[in-house]
Amino acid sequence: MSLSQAQKKAFRSIGHHLNPVVTVSENGVSEGLLAELDRALKDHELIKVKLALAERDDRAAMLEEILAASRAERVQTIGKMALLYRANPQANPKLSNIKRFEGHHGRH
-13 MSLSQAQKKA
-3 FRSIGHHLNP
7 VVTVSENGVS
17 EGLLAELDRA
27 LKDHELIKVK
37 LALAERDDRA
47 AMLEEILAAS
57 RAERVQTIGK
67 MALLYRANPQ
77 ANPKLSNIKR
87 FEGHHGRH
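Here our numbering is used: the first residue of the sequence shown is -13, the next is one more, and so on.
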């Protein structure tokens, strides 16, 4: 499932106000990290991940590994931050960033 440009734009608008919920360091992708990432995506659908690695190539490789392991889609990457999305049809409306900010789309 690929996101349309309109969906990505709406998700970037929502993601701008989010704080990172998972931080990946030079320790790499562990079982604990994947479990936390899975829980965060299940609860929130749209999350920010901080890639605390110095080298751009290392961050890109780590992000690709995370995307493959979590079955999430990259919405946007800026510097050390990545915005990830994975749909959850049974998402809790009080936890899901998509449902909570549904009518937001960057307009205040």
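Glycine included, C-beta positions come from ideal geometry on N, C-alpha and C. Computed from a prediction, not measured in an experiment: that's the story for all the values here.
- Query: If Lys28 sits next to Val7, beta carbons under 8 angstroms apart, how far is it from one beta carbon to the other, in whole angstroms?
  - Reply: In the sequence shown, counting from the first residue as 1, residue 28 sits at position 42. In the sequence shown, counting from the first residue as 1, residue 7 sits at position 21. Not confirmed; about 12 angstroms, so no contact.
- Item | Glu88 versus Asn78 - alpha carbon distance | In the sequence shown, residue 88 corresponds to position 102, counting from 1. In the sequence shown, residue 78 corresponds to position 92, counting from 1. For Glu88 and Asn78, the distance between alpha carbons rounds to 13 angstroms.
- I think Leu69 touches Gln62, with their Cβ atoms under 8 angstroms apart; what is that distance to the nearest whole Å? Mapped onto the sequence shown, residue 69 falls at position 83. Mapped onto the sequence shown, residue 62 falls at position 76. Indeed they touch by this definition, with Cβ atoms about 4 angstroms apart.
- Query: Along the chain, where does the beta strand (DSSP E) that runs through Arg72 open and close?
  - Reply: For the purposes of this step, residue 72 is identified with residue 86 of the sequence shown, where counting begins at 1. Arg72 -> no beta strand (DSSP E), and no H or E assigned at all.
- By Cβ distance below 8 angstroms, which residues in the same chain neighbour Ala26 in space, the five residues on each side in sequence not counted? Here residue 26 corresponds to residue number 40 of the sequence shown, with the count starting at 1. Answer for Ala26: Val7, Val8, Ile33, listed in chain order.
- Segments assigned beta strand (DSSP E), at least 3 residues, entirely inside the segment -11 to 69: 6 to 10, 32 to 37, 59 to 64
- Near Arg57, what residues of its chain come up, given a Cβ to Cβ distance below 8 angstroms and the 5 sequence neighbours on each side ignored? On the sequence shown, residue 57 is found 71 positions in, with the first residue counted as 1. For Arg57, where only same-chain residues beyond five positions count, the Cβ hits under 8 angstroms are Arg72.
- Going by the CB atoms, is the gap between Leu81 and Ile52 shorter than 8 angstroms? On the sequence shown, residue 52 is found 66 positions in, with the first residue counted as 1. On the sequence shown, residue 81 is found 95 positions in, with the first residue counted as 1. Not closer than 8 angstroms, so no.
- Have a look at Ser11 and Glu41 and give me their C-alpha separation to the nearest angstrom. Sequence index remark: in the sequence shown, residue 11 carries index 25 (1-based). Sequence index remark: in the sequence shown, residue 41 carries index 55 (1-based). Each residue's alpha carbon lies about 12 angstroms from the other.
- For the alpha helix (DSSP H) holding Lys80, just list the boundary residues, first then last. If you number the sequence shown from 1, residue 80 lands on position 94. That residue, Lys80, is in no alpha helix (DSSP H); it is neither H nor E in DSSP.
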